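**Student:** I have a structure I would like to understand better, so I am pasting it below and will then ask my questions one at a time.
In the numbering used here, the protein residues as written are 13 to 319.
Structure, rendered in structure tokens:
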């Protein structure tokens, strides 16, 4: 499978997970039959802020692949939000955008949130997937640096940054892997986890690896780490879905949705991770044809993967 095919799988997997997971957000009990019915429906699949911000980041990376101008990236996020504020944004980014209008820089504004600790939510991790597509991201240090730069535009808490760096590094590691199987996926996740400083995201990932590695199921792993909006919960949950589904995008996404909680974001991250492993394998065109902006997503993936 080519790098381009896997890159397409990343962005389409992200958008698909986002759109399929959105109707179930906030629910704790989700029947598999309900998810299956939504997958089989004919309605258009509309994505939320997760994909909206990822697309904005992807477009910015085309012209600024080293993220030399994070203020310009922040401005792009703010303009995208102003055009489509109905995408389901959390409260943090709009607050940052408003403070920037009053004269603060983006990272400075982001650092004032939550009493000065910054947001520990999953907003930086949910959008970071395009970073993992860049050839420069094959070096884990570069992937981590770029992930952190884009994170700090809206999220300055160490947990939010750690979540974003893990997602970017796992995508970058999988997209260039020569062979993909369950052991290879675990190896990439373990390596990315090992590069993290001790903290809640690191600990959550260790728990997930322990549960899945000892034969436990994904729901048990997600139950231990949680499925809320905190990066320390939702990023390990997305990894749990990836490991349980063996990289099969649709299986990984449906598993992630079944966890409940922040379903659109967990499924978006899980879909992107699985797409890096398996590309578009087992994803029927009948499903992808329902996906909003499919052609734009594929074109951006192609461009970034060769950047």
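The beta-carbon is built from N, C-alpha and C at its ideal position, and this holds for glycine as well.
Here the structure is a predicted model, which is why all the values come from computation and not from measurement.
#1: Please say whether residue 26 and residue 280 have beta carbons closer to each other than 7 angstroms?
#2: Inspect the CB distances between the segment 168 to 176 and the segment 97 to 117 and report whether three or more fall short of 8 angstroms.
#3: If you measure between the beta carbons of residue 237 and residue 253, is that distance less than 7 angstroms?
#4: Whose CA, out of 94, 56 and 116, lies closest to the CA of residue 83?
#5: If you run the structure through DSSP and keep just helix, strand and coil, what is residue 160?
#6: Where does residue 210 land, buried or exposed, given buried means 16+ other C-beta within 10 angstroms?
#7: In the DSSP assignment, find the unbroken alpha helix (DSSP H) run with residue 113 in it and report its ends.
#8: Buried or exposed: where does residue 75 fall if 16 or more other Cβ atoms within 10 Å of its Cβ makes it buried?
#9: Okay, do the segment 22 to 38 and the segment 269 to 283 touch, 3+ Cβ pairs below 8 angstroms being the bar?
#10: In the DSSP output, what is residue 135 paired with across the bridge?
#11: Quick one: residues in its chain with C-beta nearer than 6 angstroms to the C-beta of residue 256, no 5 flanking neighbours on either side, listed in chain order?
#12: Quick check: the Cα distance between residue 174 and residue 213, rounded to an integer number of angstroms?
#13: Determine, using beta-carbon pairs with one atom in the segment 43 to 58 and one in the segment 286 to 295, whether at least three such pairs fall under 8 angstroms.
#14: Beta-carbon within less than 6 angstroms of residue 319's beta-carbon, same chain only, minus the 5 sequence neighbours each way: which residues are those?
**Tutor:** Judging by the given coordinates:
#1: With contacts defined as CB atoms closer than 7 angstroms, residue 280 and residue 26 qualify as a contacting pair.
#2: Touching, no, given that fewer than three Cβ pairs across the two stretches are closer than 8 angstroms.
#3: With respect to the 7 angstroms criterion, residue 237 and residue 253 are not classified as neighbours on the basis of their beta carbons.
#4: Of the candidates 94, 56 and 116, the one whose C-alpha sits nearest the C-alpha of residue 83 is 116.
#5: In this structure, DSSP gives residue 160 a helical state, which the three-state scheme calls helix.
#6: So residue 210 ends up on the exposed side.
#7: Residue 113 -> alpha helix (DSSP H) spans 104 to 113.
#8: A residue is called buried once 16 or more other Cβ atoms fall within 10 Å of its Cβ, and residue 75, having fewer, is exposed.
#9: Short answer: they touch.
#10: Residue pairing by DSSP places residue 135 opposite no residue, since no beta bridge is assigned to it.
#11: The answer, listed in chain order, is 230 and 267.
#12: So the alpha carbons of these two residues sit roughly 7 angstroms apart.
#13: With contact defined as three or more Cβ pairs closer than 8 angstroms, the segment 43 to 58 and the segment 286 to 295 are not in contact.
#14: If we look at residue 319 and ignore the five residues flanking it on each side, its Cβ neighbours are 77 and 146.
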